[in-house]
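Below is one structure; the comments refer to it alone.
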Amino acid sequence: MQLLLQQINITVFSLRHGLVLQKKSATFAVLFNLLTCFGMIDSLALLEHATAAMQRAIAPYSSFRVGAALQTSEGKIYTGHNIESSSYSLTICAERVALFKALSEGERTFEAMAIVASSGEFCPPCGACRQVLMDFAPHLVIYLSNQHGQIKTFRLAELLPEAFSSETLSKMISKSL
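Going by full-length UniProt numbering, the sequence shown runs without a break in its numbering and finishes at 177.
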């Protein structure tokens, strides 16, 4: 069943990007309805928002564009893209831009994030982004997509096992007092 759902997910993502069939086809309508029933349509919508954000990336030095879309518990979506600086250490990743945008608007609970890159390959968050996301969204689901419309799904804890957290810090501080 999971393999079937994954294939449907890949097919519909491809359909939405004009890679296989036209959106108005009967096949698209059936698959779209199936995805809605199984609650998988959210990952596709997030990936579309991330793809749009990627197009706005500012990457004059590397030409490596990344887009991210972060969904709150209430269903709001905040997007971000990477912004490069000539001083590379001041560059900020798409994931943190999306998170900081949401946090600056008062959001505090998050469900999922989608990430895409211009390389066409799966692009998981870097270590710094994983740590910052863990600080604010430890139960986050992350969707990655490649140029073939394939989607990988992870829980943030899978990408950053044994993470340093506010709980870890509290324990360390209380022991030192």
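Using N, Cα and C, we set each Cβ at its ideal position, and we do this for glycine too.
These numbers come from a predicted model, not from an experiment.
- With a threshold of 16 other beta carbon atoms within 10 Å, residue 51 meets it and is buried.
- Residue 154 carries a strand assignment under DSSP once its states are collapsed to helix, strand and coil.
- Proximity to residue 54 across 80, 149 and 133 peaks at 80, based on C-alpha coordinates.
- The alpha-carbon of residue 46 is positioned some 8 Å away from that of residue 77.
- When rounded, the separation of the alpha-carbon atoms in residue 136 and residue 148 is 31 Å.
- Per the coordinates, the alpha-carbon of residue 110 lies some 11 Å from the alpha-carbon of residue 142.
- Residue 49 carries a helical assignment under DSSP once its states are collapsed to helix, strand and coil.
- Beyond the five residues adjoining it in sequence on each side, residue 49 comes within less than 6 Å, by CB distance, of 69, 77 and 79 in the same chain, given in chain order.
- Collapsing the DSSP output to three states places residue 131 in a helix.
- In this structure, DSSP gives residue 107 a state outside helix and strand, which the three-state scheme calls coil.
- Between the alpha carbons of residue 175 and residue 163 lies a distance of about 19 Å.
- Taking the Cα of residue 86 as reference, the smallest distance to any Cα among 62, 140, 146 and 172 is reached at 62.
- If you draw a 10 Å sphere on the C-beta of residue 125, you find 16 or more other C-beta atoms in it, and that means buried.
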